[in-house]
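This report concerns only the one structure given below.
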Ligand SMILES: NC(=O)C1=CN([C@@H]2O[C@H](COP(=O)(O)OP(=O)(O)OC[C@H]3O[C@@H](n4cnc5c(N)ncnc54)[C@H](OP(=O)(O)O)[C@@H]3O)[C@@H](O)[C@H]2O)C=CC1
Ligand SMILES: O=C(O)C1=N[C@H](C(=O)O)C[C@H](O)C1
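Numbering (UniProt numbering), first residue to last: 1 to 246.
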């Protein structure tokens with residue numbers, strides 16, 4: 001399979017390694033320096049494109065791939081405010097896109113466990129819940145996409161929470177939070193690849209589930225597997241469509 005890598009930073013470079021190990025060829029690599037090479041003609045050399053760029057760049061990159069009619073895997077986070085628009089465009093133009101806030105198997109298992117736990121906790125109103133995420137200091141978006149997916153899973157399953165609110169490095173005081181709001185507390189610490197915790201806390205005890213990424217390999221391998229899965233499909237997909245934990 002010929003792959004175009006849009007974004008050749010921390011993730012793009014590890015994805016290249018896994019792609020080559022799995023017998024694929026990288027035919028295009030785009031970063032800030034050579035953005036002008038992101039053309040329909042160059043994209044058409046690829047069977048699939050993989051975008052791990054920046055929140056600001058993602059939407060334009062998606063439209064470039066739609067115009068070139070190249071299936072696209074989007075790992076970039078921080079653009080989900082435009083998710084519905086992109087979904088509509090993808091489906092009306094008969095393009096292919098798969099996105100995911102986190103491509104690692106471990107986190108996708110964690111997403112499933114989180115939803116099961118939230119459903120159970122409907123019967124235990126003494127517990128309040130919050131999500132915590134820690135990432136490296138270069139991260140541009142907050143909260144992390146993974147934390148948003150966890151929060152949305154809780155809101156979907158737990159009747160007493162209706163929306164999430166984010167605080168970065170302790171910016172929201174506890175008094176501001178309404179009972180039906182779910183706090184996502186974000187922290188930025190040098191060199192942390194990604195740690196997510198869901199905490200249910202009562203006056204007498206606490207239940208925690210936690211995922212710690214030791215490195216970025218799980219995300220990168222998952223992105224290559226997603227690209228292999230998407231290559232001959234048409235439609236709008238999420239990484240959850242690949243895994244079947246239900
Ligand atoms: N879904 C998942 O599993 C995961 C998602 N992510 C997400 O992936 C994204 C990238 O993460 P990471 O690799 O750590 O970030 P980096 O900052 O290391 O890399 C980003 C890359 O994007 C490039 N870039 C910037 N602007 C553009 C543009 N307009 N067009 C094309 N490329 C551009 C940068 O170029 P230059 O080097 O020249 O600055 C850089 O190569 C983030 O949104 C992050 O949250 C990260 C890990 C896992
Ligand atoms: O920016 C990162 O590094 C990561 N971003 C993703 C996110 O926003 O959830 C996934 C992973 O946690 C690493």
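All residues carry an ideal CB built from backbone N, CA and C; glycine is no exception.
Rounded straight-line distance, which links the Cα of residue 26 to that of residue 88: For the purposes of this step, residue 88 is identified with residue 88 of the chain shown, where counting begins at 1. For the purposes of this step, residue 26 is identified with residue 26 of the chain shown, where counting begins at 1. Straight-line Cα distance between these residues: approximately 29 Å.
contact_flag[the segment 100 to 112, the segment 139 to 159] where n(CB pairs < 8 Å) is 3 or more: yes
Among 196, 189 and 156, the one whose alpha carbon lies nearest that of residue 181: Here the question's residue 181 lines up with position 181 in the chain shown. It is 156 whose Cα lies nearest to the Cα of residue 181.
Of the listed residues 164, 53, 226 and 40, nearest to residue 5 (C-alpha basis): Walking along the chain shown from the start, residue 5 turns up at place 5. Taking only the C-alpha atoms, the option nearest residue 5 is 53.
Check: residue 161 C-beta below 7 Å from any heavy atom of ligand 1: Your numbering for residue 161 matches position 161 in the chain shown. Result no, Cβ not under 7 Å from ligand 1.
Residue ranges of each alpha helix (DSSP H) within the UniProt domain "Dihydrodipicolinate reductase C-terminal" (106 to 242), 4 or longer: 145 to 157 and 217 to 230
Touching by the beta-carbon criterion (3+ pairs, under 8 Å), the segment 55 to 63 and the segment 79 to 95: yes
Bridge-paired residues (DSSP) for residue 2: What you label residue 2 is simply residue 2 of the chain shown in a count that begins at 1. For residue 2, which the question treats as bridged, DSSP gives the partners 25.
Beta-carbon proximity of residue 223 to residue 158, cut-off 8 Å: Mapped onto the chain shown, residue 223 falls at position 223. Mapped onto the chain shown, residue 158 falls at position 158. Taking 8 Å as the Cβ cut-off, residue 223 and residue 158 do not qualify as a contacting pair.
7 Å CB neighbourhood of residue 56 in its chain, flanking five on each side removed: One-based indexing of the chain shown puts residue 56 at position 56. Counting only Cβ-Cβ distances below 7 Å, and skipping sequence neighbours, we find nothing.
Residue 57 - containing beta strand (DSSP E), residue span: Locating residue 57 in the chain shown gives position 57, where the first residue counts as 1. No beta strand (DSSP E) contains residue 57, which is instead part of the alpha helix (DSSP H) from 55 to 68.
Beta-bridge partners of residue 41, as assigned by DSSP: The count along the chain shown starts at 1 and reaches residue 41 at position 41. Residue 41 pairs with nothing; no bridge assigned.
Cβ-Cβ distance between residue 185 and residue 231 below 8 Å: As a position in the chain shown, residue 185 is number 185, starting the count at 1. As a position in the chain shown, residue 231 is number 231, starting the count at 1. No, the Cβ-Cβ distance between residue 185 and residue 231 is not below 8 Å.
Residues near residue 168 by beta carbon distance below 7 Å, same chain, minus five either side: As a first step, residue 168 is located in the chain shown; it is residue number 168 there, counting from the start. The residues are 142 and 186.
Residues bridged to residue 51 [DSSP beta-bridge criterion]: For the purposes of this step, residue 51 is taken as the residue at position 51 of the chain shown. Answer is 6 and 74.
Residue 92, enclosing beta strand (DSSP E) - first and last residue: Taking the chain shown and counting its residues from 1, the one referred to as residue 92 is at position 92. It is not in any beta strand (DSSP E) - residue 92 instead sits in the alpha helix (DSSP H) that spans 83 to 92.
Exposure of residue 115, with buried meaning 16 or more beta-carbon neighbours within 10 Å: Looking up residue 115 in the chain shown gives position 115. Answer is buried; the Cβ neighbour count reaches 16.
Nearest-angstrom Cα separation, counted from residue 107 out to residue 145: Position 145 of the chain shown, counting from 1, holds the residue named residue 145. Position 107 of the chain shown, counting from 1, holds the residue named residue 107. Using only the alpha carbons, I get a separation of about 12 Å.
Cβ neighbours of residue 209 in the same chain (closer than 8 Å, five flanking residues each side left out): Reading the chain shown from its first residue, position 209 is the one you call residue 209. The residues are 110, 113, 114, 117, 197 and 198.
Per DSSP, the bridge partner or partners of residue 14: Reading the chain shown from its first residue, position 14 is the one you call residue 14. According to DSSP, residue 14 bridges with nothing at all.
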